[in-house]
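> Handing you a structure now.
Numbering (the working numbering), first residue to last: 682 to 822.
And the structure:
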């Protein structure tokens with residue numbers, strides 16, 4: 682049994698897909714990533730991103746993680762960050778589902794909703810989050 686959220690990430694089972702296996706004569710398995718704590722494969726990505734930033738010295742104890750996301754990456758990052766003692770600021774398009782926005786907030790992130798605009802627009806959520814990260818890097822750990 683995992684002792685914490687971090688240990689639970691990635692410990693998802695393989696499930697035999699009976700119809701596909703029977704139809705092909707091959708053993709077809711599906712990885713049940715929905716059984717991660719944040720219910721998505723993005724939990725793995727969040728853990729890797731944070732551990733990599735720590736290893737490279739880009740993220741220090743008590744630091745802040747800023748991410749522009751349409752949802753699941755923000756959930757995974759926030760879940761991992763909270764467990765490891767980091768703050769998260771998630772910039773998300775206002776067109777995303779209320780459930781995703783609520784989940785991100787419940788997990789402890791500061792949520793910044795912005796109008797959904799094309800990537801080429803300087804106010805696109807990804808570009809805006811990049812500017813915010815640069816600004817916060819000058820004043821936060």
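Glycine is no exception: its CB is placed at the ideal position from the N, C-alpha and C atoms.
Starting from residue 768, trace the beta strand (DSSP E) both ways and give me its first and last residue.
Stepping through the chain shown from its first residue, residue 768 is reached at position 87. Counting along the chain, the beta strand (DSSP E) containing residue 768 begins and ends at 768-774.
> Pick from 786, 726, 711, 776: whose alpha carbon is nearest that of residue 805?
Sequence index remark: in the chain shown, residue 805 carries index 124 (1-based). Out of 786, 726, 711, 776, 776 has the C-alpha closest to the C-alpha of residue 805.
> Exposed or buried, which one is residue 724 when buried takes at least 16 other CB atoms within 10 Å?
By one-based count along the chain shown, residue 724 stands at place 43. By the neighbour-count rule (16 or more Cβ atoms within 10 Å), residue 724 is buried.
> Check whether the stretch 749-758 and the stretch 775-792 touch, using three or more Cβ-Cβ pairs below 8 Å as the test.
Flag = yes, the stretch 749-758 and the stretch 775-792 touch.
> Using only the alpha-carbon positions, how far apart do residue 808 and residue 815 sit?
Position 127 of the chain shown holds residue 808. Position 134 of the chain shown holds residue 815. Answer to the nearest angstrom: the Cα atoms are 11 Å apart.
> Whole angstroms are fine: how far does the CA of residue 786 sit from the CA of residue 705?
Along the chain shown, one-based indexing puts residue 705 at 24. Along the chain shown, one-based indexing puts residue 786 at 105. When rounded, the distance between both Cα atoms is 44 Å.
> Please identify the residue among 773, 682, 739 whose C-alpha is closest to the C-alpha of residue 798.
Here residue 798 is taken as the residue at index 117 of the chain shown, counted from 1. Selected option, being the one with the closest Cα: 773.
> Since residue 746 and residue 758 should fall inside the 8 Å C-beta cutoff, what is the C-beta to C-beta distance between them, to a whole number of angstroms?
Mapped onto the chain shown, residue 746 falls at position 65. Mapped onto the chain shown, residue 758 falls at position 77. With a Cβ gap of about 6 Å, residue 746 and residue 758 count as contacting.
> Which value, in whole angstroms, describes the spacing of the CA atoms of residue 741 and residue 762?
Residue mapping note: residue 741 aligns to position 60 of the chain shown, counting from 1. Residue mapping note: residue 762 aligns to position 81 of the chain shown, counting from 1. Rounded to the nearest angstrom, the two C-alpha atoms are 12 Å apart.
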